[in-house]
Amino acid sequence: MKIIVCIKQVPDTETQIKIAPGGKSIVKDDIKWVMNPYDEYGVEEALRIKEKLGGEVIVVGLGPKRVTESLRTALAMGADKGILISDPAAEGSDALATAKALATAIKGLQPDLIFAGQRGVDEDMGIAGAALAEYLGIPHFSVITKVEMAPDGKSVKCHKPVEGQTLVFEAPLPVVITAQKGLNEPRYASLPGIMKAKKKPLEEKTLAALGLNPSEFGEGARKLKIVEITPPPARKAGKIVQGDSPESKAKELAKLLHEEAKAI
Amino acid sequence: MPQGVMVIAEQRDGEIRKVSYEVVSEGKRLADKLGQKVIAVLLGQNIKAKAATLGHYGADKIVVADDAKLASYTPDAYASVIAQVVKANDPAILLLGASVQGKDLAARLSARLGVGMAQDCTAFSIDNGRLNAVRPIYAGKAYAKVTFSDNYPHIATARPNVMPTNPPDASKAAETADAGVALDDSALKTKVADVIRDAAGKVDLTEADKIVSGGRGMKGPEGFKVLEDLAAVMGASVGASRSAVDAGWRSHTDQVGQTGKVVSPNLYVACGISGAIQHLAGMSTSKVVVAINKDPEAPIFQKADYGVVDDLFKVVPALTEEVKKMA
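For the record, the sequence lines run as chains A and B.
Residue numbers for the first sequence follow the numbering used here, so the first one is 47 and each next one is one higher.
Residue numbers for the second sequence follow the numbering used here, so the first one is 8 and each next one is one higher.
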């Protein structure tokens, strides 16, 4: 089995997001960059399938040089090879352009299965996985909580929770699966794993090396454009419910919710 | 010249979902600004009769794709049908609800049609004849106003329970037509092997009108009993913060927050939840927020409309009694 896992880096979720002057981007200095949390589930699932059915796991990322750190983390977890697509022309690309670059890098590898995280916790869009599948001409299954490989390794069943039910999809490989929390518990990279990772192959490719036209990437090629970025809308200041006992506060709260807020 | 607003409605087990009426209503508001029309599209099996209600909320025309292969959602089949309907009608704007299905379909369509897509939007506007959308980013730590390139249609998904539905007008009869599209078997590789239904009577958090949620302050799984009692008398669903889920007290399907569900109920009661930014990301568009926590410094109080600084194990049961009296 040849399994690809796509990863990206995002600001750690504790990061304070500051809006850059001009209001069209966020300040990127002083950010702690980490592997997108949902991507970890993809790496872990790929490793489990490799352990069960044999094969190799190749991890692919697009971005600046620092993304190498997260690729090494995946290698330390047990992935076999890494590919970094890095090109100044790709800076500011939207999800479709990013997926295009990933698809081009991946196509030649003839993968059986491709994992990605269900969305990046930076942009919260969830496009790249589906777009990647579209460009590869294969099915995709997003926000998946369970993967069952057929014993012959030729097809897969994926569990997708929707509101009120779980859909179990089945399709022949290759497919793209985007990982949701609950799919598995990602392993920590062991110290021996970290040491081995330093020697595992990690290639770097530019857009041109992939045969891609840089003018189709970057800020200017975006299909979705940022008009402005603002702080979140302020909520009207609330009130602390007064009372001299928990019971009297509960009574007052019920009254406020019923009469003032009309919420109950 | 692309014209009009197309809305992809969503049905589950033959019933049109509430978010679809919200999106048709919003689509109508946008179409009115443009002086254009709304086409609603419904996919499923045996759904023709239900489709008419889309007209009551503002659709001028309804296109129905009724086929056994569309009974249950698959990305392949639905994207294939919609792409053909889009091609036949050339809309300027394509809207879906930001339900699980809507977000998935919108992502695939964005790539298939080569157009921009704004996900989980909380507001729309028309500027210079073009759709603009506002959406949270970085788990709601910032909001982005976005617009689109000259590639049409402009796709966007609307966060459920944020945009108002129009008062339905049953006298409005929209023109209904068959989608008349081909479902090419060779292109449809995905099958639905099974549909596993959730426990009966359990309302998905993203559809709940009221949510009572517990965090680390619940101290253990047994602590959630008082929340379940309150939820029962209020007609609410029970949610949980990441702390409670990671501790194994509640299922991940109950988690509200950045790595859980995004909910937008009319009432959100946060009990024993400190209000970390990652939790707020999941409930910040709730209409009324109540916080019950004995720590007066808990950040949740900054975001609550009503705060009770006290022991939740005393306040919540007392609140349950008060609500019972109202019934």
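Ideal Cβ placement from N, Cα and C applies to all residues, glycine included.
Could you give the C-beta distance for residue i and residue j, rounded to a whole number, given that I count them as a contact under 8 Å?
i	j	result
A:C52	A:A162	4 Å
B:V219	B:V245	6 Å
A:G109	A:K54	7 Å
A:K146	B:S156	Not confirmed; about 15 Å, so no contact.
A:I129	A:K251	7 Å
A:A141	A:I173	4 Å
A:L256	A:T150	5 Å
B:T154	B:R137	6 Å
B:V269	B:H286	Their Cβ separation, rounded to whole angstroms, is 11 Å, which puts B:V269 and B:H286 out of contact at 8 Å.
B:L234	B:V323	7 Å
B:A177	A:T59	About 47 Å separates the two Cβ atoms, so there is no contact after all.
Within 10 angstroms of the Cβ of residue i, are there 16 or more other Cβ atoms? Answer buried if so, exposed if not.
i	result
B:V122	buried
A:N259	exposed
B:Y64	buried
B:D302	exposed
A:P67	exposed
A:L237	exposed
B:A298	buried
B:G51	buried
B:R204	exposed
B:P98	buried
B:M241	buried
B:Y313	buried
B:G104	buried
B:P174	exposed
B:N53	exposed
A:D75	exposed
A:I306	Rather than Ile, the amino acid found at residue 306 of chain A in this sequence is Glu. So A:E306 ends up on the exposed side.
B:S271	buried
B:Y85	buried
B:N300	buried
Under DSSP, the alpha helix (DSSP H) around residue i begins and ends at which residues?
i	result
B:A277	It is not in any alpha helix (DSSP H) - B:A277 instead sits in the beta strand (DSSP E) that spans L274 to C278.
B:F320	L319 to M333
B:P82	P82 to N96
B:H286	I284 to L287
A:F263	From DSSP, A:F263 is part of no alpha helix (DSSP H); its letter is neither H nor E.
B:Q108	V107 to L120
A:T144	A141 to K153
A:L182	A174 to L182
A:T119	V113 to M123
A:A296	P292 to K301
B:D236	F231 to M241
Kindly identify the DSSP beta-bridge partner or partners of residue i.
i	result
B:R19	B:E22
B:W256	Paired residues: none, contrary to the question.
B:S220	B:G246 and B:A277
B:R137	B:D134
B:A151	A:I275 and B:R142
B:Y313	A:K285 and B:V297
B:D73	B:G51
A:V208	A:Q211
A:K7	It is not possible to answer for residue 7 of chain A, since the shown part of chain A is limited to 47 through 310.
A:K246	A:K246 pairs with nothing; no bridge assigned.
A:K251	A:I131
A:G163	A:A225
A:I63	Beta-bridge pairing links A:I63 to no other residue.
B:M13	B:I46 and B:L101
According to DSSP, is residue i helix, strand or coil?
i	result
B:F308	helix
B:T266	coil
B:T60	helix
A:E306	helix
B:T183	strand
B:L190	coil
A:S236	coil
A:V337	Any property of residue 337 of chain A remains undetermined from this structure, which presents chain A solely from 47 to 310.
B:M225	helix
B:V31	helix
B:K68	strand
A:L270	strand
Would you mind reading off the limits of the beta strand (DSSP E) that contains residue i?
i	result
B:R204	K198 to R204
B:V127	According to the sequence as given, residue 127 of chain B is Asp; it is not Val. M124 to C128 is the span of the beta strand (DSSP E), which, as asked, contains B:D127.
A:K48	K48 to I53
A:L99	Taken as a continuous stretch (DSSP letters only), A:L99 belongs to no beta strand (DSSP E), being part of the alpha helix (DSSP H) at P83 to L99.
A:S188	H186 to I190
B:L102	I100 to G104
A:L108	E102 to L108
B:A165	H161 to A165
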